[in-house]
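K.L.:
Let me begin by handing over the structure; questions about it come next.
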Amino acid sequence: MTIRRQQVLAVLAAALVAIALASCSGGGRREARDGFTVGLLLPSRAVPRWEHSDRPLIEARVRRLCPGCTVEYANAENDVTRQRQQLESMVTKGAKVIVLDAADTRAVRSSVQEADRAGVKVIAYDRLAEGPVTGYVGFDALRIGRLQGEALLKGMGRRDGGGDVVMMNGDPSGPNAARYKKGAMSVLSGQVRVARSYDTLDWSTQNAHGNMSAAIAALGPDRIDGVLAANDSIAAGVVAALKSAGVTRFPPVTGQDADLDAVRRIVKGEQYMTVYKPFKDEAAAVAAMAVAVGRGEDPRDSATTTTDSPTTARIPSVLLTADAVTVDDIRRVLVDRGVYTVARICTPRLRAACERAGLTP
Numbered sequence: 040m041t042i043r044r045q046q047v048l049a050v051l052a053a054a055l056v057a058i059a060l061a062s063c064s065g066g067g068r069r070e071a072r073d074g075f076t077v078g079l080l081l082p083s084r085a086v087p088r089w090e091h092s093d094r095p096l097i098e099a100r101v102r103r104l105c106p107g108c109t110v111e112y113a114n115a116e117n118d119v120t121r122q123r124q125q126l127e128s129m130v131t132k133g134a135k136v137i138v139l140d141a142a143d144t145r146a147v148r149s150s151v152q153e154a155d156r157a158g159v160k161v162i163a164y165d166r167l168a169e170g171p172v173t174g175y176v177g178f179d180a181l182r183i184g185r186l187q188g189e190a191l192l193k194g195m196g197r198r199d200g201g202g203d204v205v206m207m208n209g210d211p212s213g214p215n216a217a218r219y220k221k222g223a224m225s226v227l228s229g230q231v232r233v234a235r236s237y238d239t240l241d242w243s244t245q246n247a248h249g250n251m252s253a254a255i256a257a258l259g260p261d262r263i264d265g266v267l268a269a270n271d272s273i274a275a276g277v278v279a280a281l282k283s284a285g286v287t288r289f290p291p292v293t294g295q296d297a298d299l300d301a302v303r304r305i306v307k308g309e310q311y312m313t314v315y316k317p318f319k320d321e322a323a324a325v326a327a328m329a330v331a332v333g334r335g336e337d338p339r340d341s342a343t344t345t346t347d348s349p350t351t352a353r354i355p356s357v358l359l360t361a362d363a364v365t366v367d368d369i370r371r372v373l374v375d376r377g378v379y380t381v382a383r384i385c386t387p388r389l390r391a392a393c394e395r396a397g398l399t400p
């Protein structure tokens, strides 16, 4: 083989190698843009919406926005240590971005920091986790508390104030619980007397039942003019305790999340109100932010405002608007928006109550 031919072949070989490397590099970039893993960490199964609504909605939206993406899911079952291990496992497995609804917003801080050091972006969902989160999607917890407080006063019929209220607060390990209470008290302070106040560990119905039973034993059912229950799981425990005490005329009981069972309790007159947080919009917003961040885009492009956490200032955020729902609002807020059908709400046993509430097909 002549020297000239060897030189030509060497040049061609080098060119082929360069093309192959460029192809691999380009494919890697396309893979990073069009196909990556999104981690989804939810806090518990105590609140029905996490498994029944948020998870499938987020998974479906991510796949719609990014057909090549996969969603890796885990539920902490109210176990902070488990959730930290789940987060760290997702980082190890190569998740590019993680949507985190923290079981304990403070306790996960170090795990969020580790993810950040590994180049994995964490987006806080529904509860604002501490640490260097990239974005946040949720609701204004203070406003939700105010909606509950305003509804409770209306349900009690106390225009000029007065009456004894039992506060059934959420789990103090999360920041939302304190903000719900603060928002409610901004309305109730000076208007009612807080006769008893309890924190509900794990937001569980069972713990709420125990706390409400204690309140009934201490006060007597006739002295309880209203119950500020932080969410629908807590409201379920409150209603069960009232029934166990033989109460047939229920005081107004608040709630949150618009769980189907809570809506049915409202129809029956056992629970006065709930707060509907449009979780479809919330899920869509966090999926959009996760996909955008995973593709290397600026989270501020997906945000509508900023939020400060105890550790991080001006977090790009999407804060959605919630609605109070009493029996008069069920059709307008929940049925007309496609959250539930009348047929799903109105079981055969609720037919008469639904007719009284104007909920007919």
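For the sequence shown, position 355 (counting from the first letter as 1) is numbered 394 according to the working numbering, and the numbering increases by one without interruption. Just so you know, even glycine gets a beta-carbon here, dropped at the ideal spot from N, CA and C. Just so you know, these numbers come straight off a predicted model, no measurement behind them.
1) Should T386 be labelled buried (16 or more other beta-carbon atoms within 10 Å of its own) or exposed?
2) Put V172 into one of helix, strand or coil per three-state DSSP.
3) Counting only the same chain and skipping the five closest in sequence on each side, list residues whose C-beta sits under 7 Å from that of Q310.
4) If you drop the 5 nearest sequence neighbours on each side, which residues of the same chain put their C-beta closer than 8 Å to that of A342?
5) Is it the case that the Cβ atoms of I97 and A324 are separated by a distance below 7 Å?
6) From which residue to which residue does the alpha helix (DSSP H) around V101 run?
7) What is the residue span of the alpha helix (DSSP H) that A301 lies within?
8) Do the segment 161 to 175 and the segment 104 to 121 touch if we need at least three Cβ pairs shorter than 8 Å?
9) Using three-state DSSP, classify G265 as helix, strand or coil.
10) For a test of the three-state rule: what should DSSP assign to R232, helix, strand or coil?
11) State the start and end residues of the unbroken beta strand (DSSP E) segment that holds P355.
12) Less than 8 Å between the CB atoms is what I'm expecting for R218 and G177, so what's the real figure, rounded?
13) Nearest to E116 by alpha carbon, out of D241, L373 and V286?
14) With a threshold of 16 other CB atoms inside 10 Å of the CB of R395, please say whether the residue is buried or exposed.
15) Among residues of its own chain, excluding the 5 on either side of A59, which ones have a beta-carbon nearer than 6 Å to its beta-carbon?
16) Name the DSSP bridge partner or partners of V314?
17) Is the CB-CB distance between S252 and A85 below 7 Å?
18) Please report the residue range of the alpha helix (DSSP H) in which A216 lies.
19) Using a Cβ-Cβ cut-off of 7 Å (strictly less than) and excluding sequence neighbours within five positions of T350, which residues of its own chain qualify?
20) Roughly how many angstroms lie between the CA atoms of A268 and L299, to the nearest whole one?
21) Under 7 Å between the Cβ atoms of V286 and P260?
22) Hey, quick one: how far does the alpha helix (DSSP H) through T131 stretch, first residue to last?
23) Taking all protein chains shown into account, decide if S272 is buried (16 or more other Cβ within 10 angstroms of its Cβ) or exposed.
24) Where do the N-terminal and C-terminal ends of the alpha helix (DSSP H) with N246 fall, by residue?
25) Report the three-state DSSP secondary structure of A142 (helix, strand or coil).
26) Are the CB atoms of V136 and V151 nearer to each other than 7 Å?
27) Would you mind reading off the limits of the alpha helix (DSSP H) that contains G194?
28) What is the DSSP secondary structure of K319, counted as helix, strand or coil?
29) In the DSSP assignment, find the unbroken beta strand (DSSP E) run with G78 in it and report its ends.
30) Could you check where the alpha helix (DSSP H) with A392 kicks off and where it finishes?
31) State the Cα-Cα distance for the pair G276 and D337, rounded to the nearest angstrom.
32) What first and last residue would you give for the beta strand (DSSP E) that runs through D155?
33) Please classify R371 as buried or exposed, where buried requires at least 16 other C-beta atoms within 10 Å of its C-beta.
34) Is it right to say P95 is buried, meaning 16 or more other beta carbons lie within 10 angstroms of its own, or is it exposed?
35) Helix, strand or coil for K282, going by three-state DSSP, please let me know.
36) Would C108 count as contacting chain D if we go by Cβ distances under 7 Å?
P.N.:
Taking the geometry as given:
1) exposed
2) coil
3) A274, V278, V292, G294, A301 and R304
4) G174, M328, P355, S356 and V357
5) no
6) R94 to L104
7) L299 to K307
8) no
9) strand
10) strand
11) I354 to L359
12) That pair is no contact at about 11 Å.
13) D241
14) exposed
15) Low confidence applies to A59: its pLDDT is 40, below 50, so where it sits in the model is not reliable, and the reading given next is rough at best. If we look at A59 and ignore the five residues flanking it on each side, it has no Cβ neighbours.
16) A363
17) no
18) P214 to L227
19) R148, E169 and G170
20) 16 Å
21) yes
22) V119 to K132
23) buried
24) T244 to L258
25) coil
26) no
27) A180 to M195
28) helix
29) T76 to L81
30) R390 to R395
31) 43 Å
32) Segment R148 to R156 is the alpha helix (DSSP H) holding D155; no beta strand (DSSP E) there.
33) exposed
34) exposed
35) helix
36) Absent from the structure is chain D; it holds one protein chain and no more.
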